[in-house]
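The next block holds one structure in the form of structure tokens; read it before the comments.
In our numbering, the protein residues as written are 9 to 142.
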């Protein structure tokens, strides 16, 4: 698996671009299925949390829900002008909030696990350096 190191902004842009791509694929192949969109949101959330730099881990659970909202417009199925499109997006976000929460939880748990592993490695390195000095 590739190990790119995205900044916080890069992670947000990656997630938004990926969700717009996912929405396009769902619109073309799955007849605007919000189920498929939500299901494909989970790997995007995981990839964002895995590929962000350790210094920017806190941004992963923040930018993932924004990306979900940014990409839902093509598959929301609105019609009838701006008001109809807006109501379709709001309805899609409220009716499929479970996917939104699940993806945010995935990104948050991965970021938390990565932060814990990073802290453990730093603590072990400090302990190893201290014992070598004695």
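C-beta atoms are modelled at their ideal positions from N, C-alpha and C, and glycine is treated no differently. Owing to the predicted nature of the structure, the values given are computational and were not obtained by experimental measurement.
Residue interval of the alpha helix (DSSP H) (run including residue i)
i: residue 99; result: 89-103
i: residue 42; result: 42-59
i: residue 20; result: 16-37
i: residue 78; result: 68-79
Cβ shell of residue i (< 6 Å), same chain only, five flanking positions each side left out
i: residue 62; result: 126
i: residue 141; result: At residue 141, the pLDDT of 49 sits below 50, so the modelled position is not reliable; the number obtained from the coordinates is stated separately. Once the five neighbours on either side are set aside, residue 141 has no close Cβ partner at all.
i: residue 49; result: 76, 107, 111
Burial state of residue i (16 or more Cβ within 10 Å)
i: residue 105; result: exposed
i: residue 87; result: exposed
i: residue 73; result: buried
i: residue 95; result: exposed
Cβ-based neighbour list, residue i, same chain, cut-off 8 Å, excluding 5 preceding and 5 following
i: residue 119; result: 57, 60, 65, 66, 68, 69
Residue i versus the options, residue with shortest Cα-Cα distance
i: residue 44; options: 34, 91, 52, 19; result: 34
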